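*Asks:*
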DNA sequence: TTGAAAGCGGTACCAG
DNA sequence: CTGGTACCGCTTTCAA
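Right, here's the structure in full:
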């Protein structure tokens, strides 16, 4: 590991000049520039990030905050983020927070330009106070998968997604339709599931259908709780002929429960999910697709731009679409 | 953001003493210690990582190198890693490398104690030269999912996994058995798929079965290539009655292809995978389970220990087990 | 256009 | 047990 002064010596200049050249500042003679570049090349010089960070007071890392980063949808977003970030030379520091208190603690810690150059929140909505703090210390925030006023973000129209799902089921002839989604008093105050449900119910209402309360199962996120919720639905006197799950992971739990009960899909039950994670194809799951990887890539793009220039308050809406596979069909007659 | 000298001033001591207290060094009077701690507490002091790194010449971050970090098996390992690492205060810096050249470049870059305190390789095997370099610069390497001599690592017995799969299929009565796995001239020189196949064929040989070359499909990793490979298998004059896929992701491609062709699982075709990723339950996939999340957690543990003490050259073997679900059954009669 | 020097915020060695 | 001080490697005025 060579240092800047070694490069300087070799090029016959001062460290200050090397710094200028390497940071692309003006006011350097071309001849000097090329000599420095050559010396740096020959020494295989790489600047010390720690020293740069300390001297500049600003880190070249992007902090990524996520909840359940290993769950497929988040992982796919992360993949897009990472790929787009890699060429930039910024380090991607991952914080996978499991609780609301951790989330707060980490976010507080990251409000420091010497710690991270920018922070990307995945499916996490910052509070106005948090936004104010970051604004104050000068660390840009970008949000992936949530629309937050004044912040760079990517999002989808969850209500539209709920409508797409409802129309698809209605079009197939279903009338007994249930919903499985996230509990809404969750500590992350994340409204995607609720938005999808509300719009979903809305469209059902248009068809003079009404979601009976026992047809609405709000459970913790994850496959198993959704599976149990589906089991409860199956045990009803009048079980539904179709289930809309607020995420593909939950839909996979429904599929599992259906299998346990010997229900044939889609003959006995139609299932529609949300996200279109990679495994949904293998599962044959009909779903409302959102561009997961792309959302991460946009997040990275916004993050890099926020560092270079200023945050622009850009809100990027990503498209939703219905992907029909074999988990949906007409209701049993 | 307060600095160490502010804490020092408030406690009426020197910065050196604050440093000692905060780093838990001995030779500090109890009264002094508590005064410093109080001052730090009151100021909400957090040491600057950049400054610490620079002064110590050693970073408090763990660099994680992975290929296809968004694929379910890797993402689950990452989840375990992250969870176990979080309380340690080490930053997790993720490098998701897509090519062999990137892999080399990143690894070279990480061979620097000021860059990362330790590096964790997920399903990536370092070359002897690379190991030597890291050894020399004093950055410990730990490997998750590969057995590497002299290195701390976690691994599974892939051959045993291949045997488990073969025996399961044989026990069900299958005789026409095909294999779908990774191409073996892949740029990451990763042998898991090959090991599984070799042992698999071995057991078949015991039953005087022999994998015809057209029954062995080696394709790039991912769902789609596996799907196409399965389609080729189905198009054979004598299509197999069972397929062993070297990973669950590939198995999901097989399931998809079977569906496309109108094959009923497991009546017309049995499928067995490897990994037991989360979505395998929903897919009803029989598989050879390996503890993915746990492997990541162990990786983190080994990494932390390698920083604290020295790398111990610990090789942790994780257990494999057959998980029977609905994708396997007797062959069609 | 270039260099000298003063930090950035800690750590660690050496005296006392 | 504690303080002074010399760096760690780079950036950034300020002068020349």
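Protein chains in written order, with the working numbering: chain A, 1 to 333; chain B, 1001 to 1333.
Every residue, glycine too, gets a C-beta built ideally from N, C-alpha and C.
No experiment lies behind these values; they were computed from the predicted model shown.
(1) What's the C-alpha gap between residue 60 of chain A and residue 1105 of chain B?
(2) Using Cβ-Cβ distances below 7 Å, what residues of the region 196 to 223 of chain A are close to chain B?
(3) Examine the Cβ distances between the region 76 to 96 of chain A and the region 291 to 302 of chain A and report whether three or more of them are shorter than 8 Å.
(4) Under a three-way DSSP split, which group does residue 76 of chain A fall into?
(5) DSSP three-state call for residue 1007 of chain B: helix, strand or coil?
(6) Tell me the DSSP bridge mates of residue 242 of chain A?
(7) Below 7 Å on C-beta distance, what does residue 1284 of chain B contact in chain A?
(8) Using a Cβ-Cβ distance cut-off of 8 Å, determine whether residue 187 of chain A contacts chain B.
(9) Check whether chain B comes within 8 Å of residue 129 of chain A, counting only Cβ atoms and requiring the distance to be less than that.
(10) Residue 89 of chain A CB to nearest chain B CB: under 8 Å?
(11) Enumerate in chain order the residues of its own chain whose CB-to-CB distance from residue 163 of chain A is below 8 Å, with the five nearest sequence positions on each side excluded.
(12) One question on the structure: do residue 250 of chain A and residue 226 of chain A come within less than 8 Å of each other, judged by their Cβ atoms?
(13) Which one of B:1156, B:1110 and B:1133 has the shortest CA to CA distance from residue 1320 of chain B?
(14) Please identify, using Cβ separations under 9 Å, the residues of the region 238 to 255 of chain A that lie next to chain B, in order along the chain.
(15) Using Cβ-Cβ distances below 9 Å, what residues of the region 1307 to 1328 of chain B are close to chain A?
(16) Please state whether the Cβ-Cβ distance between residue 183 of chain A and residue 142 of chain A is less than 8 Å.
(17) Report the neighbours of residue 78 of chain A on chain B: residues whose CB is nearer than 9 Å to its CB, in chain order.
(18) Nearest by alpha-carbon distance to residue 1002 of chain B: which of B:1290, B:1040, B:1148 and B:1259 is it?
(19) Taking all protein chains shown into account, do 16 or more other C-beta atoms lie within 10 angstroms of the C-beta of residue 1067 of chain B, making it buried, or fewer, making it exposed?
(20) So, are the CB atoms of residue 274 of chain A and residue 179 of chain A less than 8 Å apart?
(21) Whose C-beta lies closer than 7 Å to the C-beta of residue 97 of chain A among residues of the same chain, with five residues either side of it excluded?
(22) With DSSP as the reference, label residue 1156 of chain B as helix, strand or coil.
(23) What are the complete beta strand (DSSP E) segments, minimum 3 residues, inside the region 1172 to 1231 of chain B?
(24) Would you mind sorting residue 1267 of chain B into buried or exposed? The rule is 16 or more other CB atoms within 10 Å of its CB.
(25) Are there 16 or more other CB atoms within 10 angstroms of the CB of residue 309 of chain A, so buried, or fewer, so exposed?
(26) Interface residues of chain B around residue 54 of chain A at Cβ under 8 Å?
(27) Below 8 Å between beta carbons: does that hold for residue 254 of chain A and residue 238 of chain A?
(28) Does any residue of chain A have a CB that is nearer than 8 Å to the CB of residue 1112 of chain B?
(29) Which residues bound the alpha helix (DSSP H) around residue 20 of chain A?
(30) Mind checking the region 1268 to 1297 of chain B against chain A and listing, in chain order, the residues whose C-beta falls within less than 7 Å of any C-beta there?
(31) For residue 43 of chain A and residue 1137 of chain B, I'd like the C-alpha separation in whole angstroms.
(32) Identify each residue in the region 13 to 43 of chain A for which the Cβ-Cβ distance to at least one residue of chain B is less than 8 Å, and report them in chain order.
(33) Residues in its own chain within less than 6 Å of residue 4 of chain A by CB, not counting five upstream and five downstream?
(34) So, for residue 1116 of chain B: in the same chain, excluding its five sequence neighbours on each side, which residues have a beta-carbon less than 8 Å away from its beta-carbon?
(35) Of the choices B:1121, B:1046 and B:1088, whose alpha-carbon is the least far from that of residue 1077 of chain B?
(36) With 16 as the cutoff for other CB atoms within 10 Å, does residue 312 of chain A come out buried or exposed?
*Replies:* According to the data block:
(1) 19 Å
(2) Taking 7 Å as the Cβ-Cβ cut-off against chain B, the residues of the region 196 to 223 of chain A that qualify are 223.
(3) Between the region 76 to 96 of chain A and the region 291 to 302 of chain A, the count of C-beta pairs closer than 8 Å reaches three or more; the two stretches touch.
(4) helix
(5) The answer is helix: DSSP assigns residue 1007 of chain B an H, G or I state.
(6) A:177 and A:270
(7) 259
(8) no
(9) no
(10) no
(11) 199, 200, 202 and 203
(12) yes
(13) B:1156
(14) So the list reads 248, 249, 251, 252, 253, 254 and 255, given in the order they occur along the chain.
(15) 1325 and 1326
(16) no
(17) 1069, 1070, 1075, 1078, 1094 and 1096
(18) The residue among B:1290, B:1040, B:1148 and B:1259 with its C-alpha nearest the C-alpha of residue 1002 of chain B is B:1040.
(19) buried
(20) Taking 8 Å as the Cβ cut-off, residue 274 of chain A and residue 179 of chain A do not qualify as a contacting pair.
(21) 65, 67, 103 and 106
(22) strand
(23) 1177 to 1182 and 1216 to 1219
(24) Taking every protein chain shown into account, the CB of residue 1267 of chain B has fewer than 16 other CB atoms within 10 angstroms, so this residue is exposed.
(25) exposed
(26) 1048, 1050, 1051 and 1054
(27) no
(28) Yes, residue 1112 of chain B lies at the interface with chain A (some Cβ there is under 8 Å from its Cβ).
(29) Per DSSP, residue 20 of chain A is one residue of the alpha helix (DSSP H) stretching across 15 to 22.
(30) Only 1278, 1279, 1281, 1282, 1283 and 1284 from the region 1268 to 1297 of chain B bring a Cβ to less than 7 Å from some Cβ of chain A.
(31) 17 Å
(32) none
(33) 15 and 18
(34) Apart from sequence neighbours up to five positions away, the residues of its chain that approach residue 1116 of chain B with a beta-carbon distance below 8 Å are 1059, 1061, 1062, 1063, 1093, 1110 and 1139, ordered along the chain.
(35) B:1121
(36) exposed
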